[in-house]
Amino acid sequence: MSFRATVLTLYPEMFPGPLGISLAGKALAEEKWRLETVQIRDFAEGRHRMVDDTPAGGGAGMVMKPDVVARAIDHAADERPRLLMSPRGKPLTQKRVRALAEGPGAIILCGRFEGVDERVIEARDLEEVSIGDYILSGGETAAFVLLDAVVRLLPGVMGNEQSGETESFETGLLEHPHYTRPQQWEGRSIPDVLTSGNHGAIDKWRRAEAERITRERRPDLWKAYPETGKAK
Ligand code: SAH
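Note that the UniProt record's numbering gives residue 229 to position 229 of the sequence shown, counting from 1, and the numbers run on in steps of one.
See the structure below:
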């Protein structure tokens, strides 16, 4: 049984979009994962099929209606986690991505307008997930980010399985720098150690660089790094 994503959206035509090319697209074609979209508007009622209404208490924008959203969720719901893409959510981490990739899939609700009625978040026990501290115009692009991160971890999707292991966030460190040919470029050369053939020295250099970059750029990660105490 492959990972199955169901995306609830007002814009199903946006999918698969970027998930239809390269690694994710190839894996999709090979049925290593599945992607379904649900048009939320199909669950709206009345001649105008309204999916949103004005905010209680006044103010700008519109709010997605709880009854419509709930019917769309209930149509898709099974044992998979139910996620709501939301700037108020828990920031997405590689750890959460990995846990999702190990599960059966996800039901992903994409907000639009000012967001969704709070009651449906509670009643359907939605897990709010944020992709960062900025505001997008809709949850669809956030869903692309989440699914891209998940799909590349699925079995058989990434060509070189090993390349996942030293990647940023997997070890608790940002990754070391990369170089490729030519050896000389605009007066800059590849660090000698990398062309020395000495694998012990290469590993040591990469580790030291990963630590340096993490310390300089992400003091928060460096502080949380389990090896920090030992490394000093
Ligand atoms: N009024 C809301 C923002 C609504 S943006 C607020 O201030 O919190 C419209 C939709 O875009 C949201 O419902 C959500 O689904 C999506 N979205 C916007 N920014 C996001 C982010 N950083 N992470 C995940 N989803 C986001």
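Ideal Cβ placement from N, Cα and C applies to all residues, glycine included.
Local Cβ density within 10 Å of residue i, reported as buried at 16 or more and exposed below that
{"i": "residue 64", "result": "buried"}
{"i": "residue 139", "result": "buried"}
{"i": "residue 124", "result": "buried"}
{"i": "residue 56", "result": "exposed"}
{"i": "residue 210", "result": "buried"}
{"i": "residue 121", "result": "buried"}
{"i": "residue 135", "result": "exposed"}
C-beta contact flag for residue i and residue j at 8 Å
{"i": "residue 97", "j": "residue 35", "result": "no"}
{"i": "residue 5", "j": "residue 157", "result": "no"}
{"i": "residue 129", "j": "residue 146", "result": "yes"}
{"i": "residue 1", "j": "residue 104", "result": "yes"}
{"i": "residue 174", "j": "residue 213", "result": "yes"}
{"i": "residue 38", "j": "residue 72", "result": "yes"}
{"i": "residue 110", "j": "residue 70", "result": "no"}
{"i": "residue 193", "j": "residue 205", "result": "yes"}
{"i": "residue 150", "j": "residue 101", "result": "yes"}
{"i": "residue 68", "j": "residue 106", "result": "no"}
{"i": "residue 12", "j": "residue 25", "result": "no"}
Beta-carbon proximity list for residue i, same chain, < 8 Å, skipping 5 on both sides
{"i": "residue 127", "result": "81, 82, 83, 84, 89, 90"}
{"i": "residue 20", "result": "28"}
{"i": "residue 52", "result": "62, 63, 64, 65, 112, 113"}
{"i": "residue 196", "result": "202"}
{"i": "residue 75", "result": "38, 43"}
{"i": "residue 31", "result": "2"}
Beta-carbon proximity list for residue i, same chain, < 7 Å, skipping 5 on both sides
{"i": "residue 232", "result": "Residue placement at residue 232 cannot be trusted, given a pLDDT of 49 that sits under 50; what the coordinates show is reported in the next sentence. Contacts found: none."}
{"i": "residue 23", "result": "152, 157, 158"}
{"i": "residue 199", "result": "none"}
{"i": "residue 92", "result": "129, 130, 131, 146"}
Other residues of its chain near residue i: CB distance less than 6 Å, five sequence neighbours each side excluded
{"i": "residue 225", "result": "172"}
{"i": "residue 227", "result": "none"}
CB-CB length for residue i against residue j, believed under 8 Å
{"i": "residue 10", "j": "residue 41", "result": "6 Å"}
Heavy atom of ligand 3 within 7 Å of residue i beta-carbon
{"i": "residue 29", "result": "This structure simply doesn't include ligand 3; it includes ligand 1 instead."}
Using 8 Å as the cut-off, can you tell me whether the region 40-52 makes contact with the region 174-187, which would need three or more C-beta pairs spanning the two stretches below that distance?
no
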